[in-house]
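Asks: Under the UniProt record's numbering, the very last position in the sequence shown is 686; numbers go up by exactly one each time. C-beta: ideal position from N, C-alpha, C; glycine also. Can you read through this structure? Questions will come right after.
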Amino acid sequence: MLGKWIRVRIILVGLGLGIFFLAVFCRIVELKFIRGPALEEMAVREHEKHCPVLPIRGSIMDRNQAELAISTFVKSLGAHPRRLTEKKLLSRKLAPLIGIPAPQLLELLARDRPFIWVKRHLTPQQTEAVENFKANYEKINLGQEKNIDSKDASLDAMYLIPEARRYYPHQSLAGPILGFCDIDGRGLEGLERQFDEYIYGKPQKCINILDARGHIVISSEKELIDDTMGDNIILSIDRTIQYIAEKELQQGVNKWHAAGGYVVVAAPQTGEILAMAQIPGFDPNHYFQYTKEHYQNRNVTMALEPGSTFKIFTVAAALDAKVVKPMDKFHCENGAYSLGACGVIHDVHPYGGLTVSEIIKKSSNIGAAKIGLKLGPHRTAHYLKGFGFGQRTGICYSGENYGLVRNITSCRSLIDRVTVSFGQGITITPLQMTMALAALGNDGILMQPLLVKKIIDHKGETVKNFHPTAVRQVLSPQTAKTMLDMMKTATEPGGTGTEAVPPGYTVAGKTGTAQKVVGRAFSKSKYNSLFVGLTPAENPVLAIVVVIDEPKGAIYGGVVAAPIFREIAAQSLRFLGYYPQQHPPTTPTSPPLKSPKPPLKETPTPTPEPLPTVQASLTSIPLETDSLQQMPNFKGMTIRQVISLLNRAGMRYRIEGRGFAVEQRPAPGEPLPSDKFCWVKFKPQS
Numbered sequence: 001m002l003g004k005w006i007r008v009r010i011i012l013v014g015l016g017l018g019i020f021f022l023a024v025f026c027r028i029v030e031l032k033f034i035r036g037p038a039l040e041e042m043a044v045r046e047h048e049k050h051c052p053v054l055p056i057r058g059s060i061m062d063r064n065q066a067e068l069a070i071s072t073f074v075k076s077l078g079a080h081p082r083r084l085t086e087k088k089l090l091s092r093k094l095a096p097l098i099g100i101p102a103p104q105l106l107e108l109l110a111r112d113r114p115f116i117w118v119k120r121h122l123t124p125q126q127t128e129a130v131e132n133f134k135a136n137y138e139k140i141n142l143g144q145e146k147n148i149d150s151k152d153a154s155l156d157a158m159y160l161i162p163e164a165r166r167y168y169p170h171q172s173l174a175g176p177i178l179g180f181c182d183i184d185g186r187g188l189e190g191l192e193r194q195f196d197e198y199i200y201g202k203p204q205k206c207i208n209i210l211d212a213r214g215h216i217v218i219s220s221e222k223e224l225i226d227d228t229m230g231d232n233i234i235l236s237i238d239r240t241i242q243y244i245a246e247k248e249l250q251q252g253v254n255k256w257h258a259a260g261g262y263v264v265v266a267a268p269q270t271g272e273i274l275a276m277a278q279i280p281g282f283d284p285n286h287y288f289q290y291t292k293e294h295y296q297n298r299n300v301t302m303a304l305e306p307g308s309t310f311k312i313f314t315v316a317a318a319l320d321a322k323v324v325k326p327m328d329k330f331h332c333e334n335g336a337y338s339l340g341a342c343g344v345i346h347d348v349h350p351y352g353g354l355t356v357s358e359i360i361k362k363s364s365n366i367g368a369a370k371i372g373l374k375l376g377p378h379r380t381a382h383y384l385k386g387f388g389f390g391q392r393t394g395i396c397y398s399g400e401n402y403g404l405v406r407n408i409t410s411c412r413s414l415i416d417r418v419t420v421s422f423g424q425g426i427t428i429t430p431l432q433m434t435m436a437l438a439a440l441g442n443d444g445i446l447m448q449p450l451l452v453k454k455i456i457d458h459k460g461e462t463v464k465n466f467h468p469t470a471v472r473q474v475l476s477p478q479t480a481k482t483m484l485d486m487m488k489t490a491t492e493p494g495g496t497g498t499e500a501v502p503p504g505y506t507v508a509g510k511t512g513t514a515q516k517v518v519g520r521a522f523s524k525s526k527y528n529s530l531f532v533g534l535t536p537a538e539n540p541v542l543a544i545v546v547v548i549d550e551p552k553g554a555i556y557g558g559v560v561a562a563p564i565f566r567e568i569a570a571q572s573l574r575f576l577g578y579y580p581q582q583h584p585p586t587t588p589t590s591p592p593l594k595s596p597k598p599p600l601k602e603t604p605t606p607t608p609e610p611l612p613t614v615q616a617s618l619t620s621i622p623l624e625t626d627s628l629q630q631m632p633n634f635k636g637m638t639i640r641q642v643i644s645l646l647n648r649a650g651m652r653y654r655i656e657g658r659g660f661a662v663e664q665r666p667a668p669g670e671p672l673p674s675d676k677f678c679w680v681k682f683k684p685q686s
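This is the structure:
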């Protein structure tokens, strides 16, 4: 009996164990295969949080890689409203720390969302206050007697999240060029918007692993930082020359109590824009304090009548078309030239006979009108198009204005055809004027404006290059040289632009005064005062356009705008290493002028890049082919001389370096290549 009972017990135990293990097995099957996916998803939701890693916006730098727009790190406060408890008490305690009214904060925290931003871009003081609040949370405990280990998750449901914030270390310097970004780091205006796809970077998502109390124990955020970084934009702008232009323009606007002013500085041989200044401007750090009108880069988006500065293009066209010569004389009708029923053209001062050169020097409207009549409407229209008027320049900047050029070949009124000769009835942008002016200092070659030189990634690797590009040969080199000589007389004694010449330098320039159009008529009290010039006159390094809008007390460009040109030219040339003639020639050195608004971090002031510098593939320019059958010897020639010769041969070319030609392919004496392509290398003279 005993043995039988033992067997029964063994069977019962075995059966019980079998049932137990079967139940365990069934439970495992249930958890693993039936409820497994749902439980895994629940575990992931509880312990794995996906958080956005916002991109770090790339920098915008000047030609010497001095930072103009950078990203700095600040902290923002985020929260998970669904995990928050005691929201009323939390709102009351937290509101004064971050500067938000308690009712507004409570409304924010009461939203039924998985995540909200409580406040973006906290100040350092606010960040410290929130950190102290979180650190002392157990003691404060929202005024209640309960332990931090309770299910109250308010502490762990609020996060201080690092974010990149856009900062402009030089405040308003180049503000209209740079533009600005919104709070999420997307470009809204200017270059920030134009190149947003490069600068913005790539958003990522990091995975945070949480423990049972909701604390982050593992995060992939650091590994993703490099993947979020945007590219850097290197401009042709020079920070110091931009500062000089803005400083002198502001002083001029203040002196003449003007409504505003505009300056463009360019390198004639390459088309590089060294400065674009305007008054009023704006500080991108506080863009919300300004109106939309301040955001526009009006050197690009605004067109105005050029006035007498336009006479240089009328005369240049007539000389190039060989309808006049520099010493040809025109009778200037003693100050009043009647066009019959069409009206009368007046000069400020009465003149009798003036040569073409004297018409530029004295700025005679009547002389320019007679030259324009001799040139004729068809040739005038041809050269206007050649200089780029009425067309976009191709600058990499949105919103560029075409300007307004009438179809003078179909104008019925004689006065409409004639007034264009001295800058009435036509509107152009300051940038268009600068590029056309630069062509006179570049052997007649019109260049496309170059504002962005290069895009590099955060490691310094080149993403994209932007090369100097020739648009077309507008004038022959000889015509361009003749124009420089004639424009130089306008800044010599007896000319209208004597105030534009810095001591020790030479200037080829032209003054201008233009009545502003109000409604449909010319205003009798509102004017633009202009001066445009190239310096040094013999071998131009800078092309500068100065416009003062509605000056008070004086209106003539030679009085109002010319002195501003003088100061910008003198300081910029010295900065670039071109010293007055009484000093021995030297190579460019470190800048003697520094912006009073240095970047946040201390960096050595960069050595200015010598100008002009060309390292680019230029487009082919259709020109009259001369008798060249074999490659000439370029050795010892300047960049300008080589480009001029190649253009006349209708060849494509690549220029590298600066200074004087030292090497070329094909070699001298070899037949012209079938593809009409030539490579020339330049080096500074030792």
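(1) For V518, tell me which candidate among C396, I445, E550, L105 has the shortest Cα-Cα distance.
(2) Mind checking whether A95 and L105 have CB atoms under 8 Å apart?
(3) Any contact between the region 355-362 and the region 476-495? By contact I mean 3 or more CB pairs, one from each, below 8 Å.
(4) Among residues of its own chain, excluding the 5 on either side of F115, which ones have a beta-carbon nearer than 7 Å to its beta-carbon?
(5) Over the uninterrupted alpha helix (DSSP H) stretch that includes R82, give me the two end residues.
(6) Across which residues does DSSP place A514 in a beta bridge pair?
(7) Can you find the residues in the same chain that come closer than 6 Å, C-beta to C-beta, to V405, ignoring five residues on each side of it along the sequence?
(8) Which value, in whole angstroms, describes the spacing of the CA atoms of L440 and Y198?
(9) Measure the C-alpha to C-alpha separation of K481 and F522 and round it to an integer number of angstroms.
(10) Could you tell me which whole alpha helix (DSSP H) segments of length 4 or greater appear in the region 347-375?
(11) Should the region 464-476 be regarded as contacting the region 337-349, the criterion being three or more beta carbon pairs within less than 8 Å?
(12) Taking the Cβ atom as the reference point for each residue, do F310 and A369 lie within a distance shorter than 8 Å?
(13) Let me make sure I understand the geometry here. Which of R417, I643, H121, V8 has the alpha-carbon closest to that of V74?
(14) Regarding P540 and the ligand GDP, is the C-beta to nearest heavy atom distance less than 7 Å?
(15) Quick one: give me the first and last residue of the alpha helix (DSSP H) that L274 is part of.
(16) With S572 as the anchor, note down where its alpha helix (DSSP H) starts and where it stops.
(17) DSSP three-state call for L593: helix, strand or coil?
(18) Going by the CB atoms, is the gap between I177 and N297 shorter than 8 Å?
(19) Would you list the residues sitting across from Q105 in a DSSP beta bridge?
(20) With distance defined between alpha-carbon atoms, name the residue in G271, A245, T409, K683 nearest to R566.
(21) Tell me the DSSP secondary structure of G252 in three-state form.
(22) In terms of residue numbering, what span does the alpha helix (DSSP H) encompassing K134 cover?
(23) Are residue 706 and A381 touching if we call contact CB-CB under 8 Å?
(24) For N132 and L160, I'd like the C-alpha separation in whole angstroms.
(25) Would you call the CB atoms of residue 696 and A69 closer than 8 Å?
(26) Within 10 angstroms of its Cβ, does C332 collect 16 or more other Cβ (buried), or is it exposed?
(27) Using only CA atoms, which one of S529, I544, N528, W117 lies nearest to T535?
(28) Just tell me which of M61, M631, P306, K292 has its CA closest to the CA of E663.
(29) Give the C-beta separation of K488 and T511 to the nearest angstrom, bearing in mind that I take them to be a contact with Cβ-Cβ under 8 Å.
(30) Within this structure, are the beta carbons of G557 and S529 separated by less than 8 Å?
(31) Helix, strand or coil for V463, going by three-state DSSP, please let me know.
(32) Please list, in chain order, all residues of the same chain as L373 whose beta carbon is under 7 Å from its beta carbon, the five residues on each side excluded.
(33) Can you tell me the Cα-Cα spacing of I445 and Y262, whole angstroms?
(34) Just to confirm, are S175 and R57 a CB contact at a threshold of 8 Å?
(35) For the alpha helix (DSSP H) containing P430, list its first residue and its last residue.
(36) For my contact list, K329 and L354 are in at a C-beta cut-off of 8 Å; report their separation, rounded to the angstrom.
Replies: Looking at the coordinates:
(1) E550
(2) yes
(3) yes
(4) By the criterion of a C-beta distance shorter than 7 Å, F115 is surrounded in its chain by G78, H80, once the five residues flanking it on both sides are discounted.
(5) Looking at the DSSP string, R82 is not in any alpha helix (DSSP H), and its letter there is neither H nor E.
(6) N528
(7) L384, F389, G390, I426
(8) Going from the Cα of L440 to the Cα of Y198 covers about 35 Å.
(9) 35 Å
(10) If we require 4 residues or more, the alpha helix (DSSP H) runs fully inside the region 347-375 come out as 356-362, 365-375.
(11) no
(12) no
(13) H121
(14) Questions concerning the ligand GDP fall outside what the structure shown contains, since it holds no ligand whatsoever.
(15) Where L274 is concerned, there is no enclosing alpha helix (DSSP H), although the beta strand (DSSP E) it sits in stretches over 273-279.
(16) 562-576
(17) Residue placement at L593 is flagged as unreliable, the pLDDT there being 34, under the threshold of 50; a coordinate-derived value is accordingly withheld.
(18) A contact, by the Cβ cut-off of 8 Å.
(19) The question names Gln, but residue 105 in the sequence shown is Leu. DSSP, once it has assigned bridges, lists no residue as partnering L105.
(20) A245
(21) helix
(22) 124-135
(23) Outside the modelled stretch of the chain, which goes from 1 to 686, sits residue 706, for which no answer is possible.
(24) 12 Å
(25) Because the chain here runs from 1 to 686, residue 696 falls outside it and cannot be looked at.
(26) buried
(27) I544
(28) M631
(29) The beta-carbon separation of K488 and T511, rounded to 13 Å, does not stay under the 8 Å limit for a contact.
(30) Yes; because the gap between Cβ atoms is below 8 Å, this pair is in contact.
(31) strand
(32) Counting only Cβ-Cβ distances below 7 Å, and skipping sequence neighbours, we find V418.
(33) 24 Å
(34) As written in the sequence, residue 175 is Gly, which differs from the Ser given in the question. Against a cut-off of 8 Å, the Cβ pair of R57 and G175 comes out as no contact.
(35) Note, P430: alpha helix (DSSP H), 430-440.
(36) 7 Å
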